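Numbering (the UniProt record's numbering), first residue to last: 1 to 270.
Everything on this sheet refers to the single structure shown next.
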Amino acid sequence: MKNRAEKIKRMMEAKRKRRQPGRAREGERRRDRSSYPPWIQTSHDEAREETDFYRPGARDKEQSEPFFKKETIMFQVLSSVCLFLLVAILFSLPAGQFDTARQFVHQSFNQDFEFAAVSDWYENQFGRPLALLPPSMEVAPAPEGEDMELAYALPANGTIAESFEQNGRGIYVETNINESVEAVRGGVISFVGEDEAKEWGKTVVIRHYDGGESWYGMLDNIQVNLYDHVEAGDLVGYVSPARDDDSVGVYYFALKEGESFVDPIDVIAP
């Protein structure tokens, strides 16, 4: 009976070894390694055991990660669509509701970015940005003992029919029909469209690089677009025919410093 029990036990151990051959071989390797003298180092086994400190796929996983995550892009797109729908719903509501919010959105979308002011600040802080073709540096020297004064010229020759005191914003000039209107100074086109006051018709506003603005109203066949860079003397548009006489061309001209209009006559070159 005892021999039969030992025989069954050996058969179960043999089956267990056949089911787990890897563990059996690992146990044999451990027994073989333990039989070595302590001063003998097996570098091959040590390198094999250092698997906890090296992960072969970690670097490949980092390199395979995309620069743009699809989830982030989708979130931004959905946020933009939701914002657009909210603004559309805001403006479709009856008058009297959310007037403050509508006014804020209207002012935000009609207020242009101060490109000229930022460009001037950048040049003062970091110098002129690198260009493919450097600008001409040949400037005529000013006479000694004289201070240079900033002076403007009329955008188009003509006769002042309405002064700054009469108009409150600028001057009304009569000239020849089809006369061209030119920029008085260089800058960035900050506005092209109908005058908000409904007085000057088609109007162009140039924001100068020093922060001032020049306004050109009652124009016909405008030749510039929003955010165009223009220099002094560049064509802005043409005068429009007078309402009471088609043979006479008219236009408005104004200068603005900060939040106030100034009399163009005070700064026009004689």
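Glycine included, every Cβ here is placed at the ideal spot set by N, Cα and C.
Note that this is a predicted model, so its numbers are computed, not measured.
query = What span of residues does the alpha helix (DSSP H) with E165 cover, start to end?
reply = Per DSSP, the unbroken alpha helix (DSSP H) holding E165 starts and ends at 164-167.
inquiry  = Which of the three DSSP states is assigned to I160 in this structure?
reply    = The answer is strand: DSSP assigns I160 an E or B state.
query = Can you find at least 3 beta carbon pairs, one from the stretch 254-269 and one from the stretch 221-232, that sit closer than 8 Å?
reply = Between the stretch 254-269 and the stretch 221-232, the count of C-beta pairs closer than 8 Å stays below three; the two stretches do not touch.
message = For E71 and G187, I'd like the C-alpha separation in whole angstroms.
response = If you take the alpha carbons of E71 and G187, they lie about 42 Å apart.
task = Drop a sphere of 10 angstroms on the beta-carbon of I89, count the other beta-carbons inside from all chains shown, and report buried for 16 or more, exposed for fewer.
result = exposed
ask   = Which partner residues does L235 have in the DSSP bridge list?
value = E182
R207 - partner residues in DSSP beta bridges = Beta-bridge pairing links R207 to V188, E213.
task = Using the Cα positions of H229 and F253, report the straight-line distance between them to the nearest angstrom.
result = Approximately 19 Å, taken between the alpha carbons.
message = I need the straight-line Cα distance from G201 to M218, nearest angstrom please.
response = Distance between the alpha carbons of G201 and M218 is about 5 Å.
Bridge partners - K256, DSSP secondary structure assignment = E213, F261
ask   = When the Cα atoms are used, what is the spatial distance from I268 to K69?
value = 58 Å
task = Excluding the 5 residues preceding and the 5 following N176 in the sequence, name in chain order all residues of the same chain whose CB lies nearer than 7 Å to its CB.
result = G249
task = Report yes if the CB atom of F182 is closer than 7 Å to the CB atom of G233, and no otherwise.
result = According to the sequence as given, residue 182 is Glu; it is not Phe. Yes. Within cutoff.
task = Give the straight-line distance between the Cα atoms of A142 and E213, rounded to the nearest whole angstrom.
result = Unreliable placement is indicated for A142, whose pLDDT of 41 sits below 50; the coordinate value is still reported in the next sentence. A142 and E213 have their C-alpha atoms some 26 Å from each other.
query = In whole angstroms, what separates the C-alpha of E179 from that of A156?
reply = 7 Å
key: Per DSSP, the bridge partner or partners of G249   = T175, P241
task = Classify G158 as buried or exposed, calling it buried when 16 or more other Cβ atoms lie within 10 Å of its own Cβ.
result = buried
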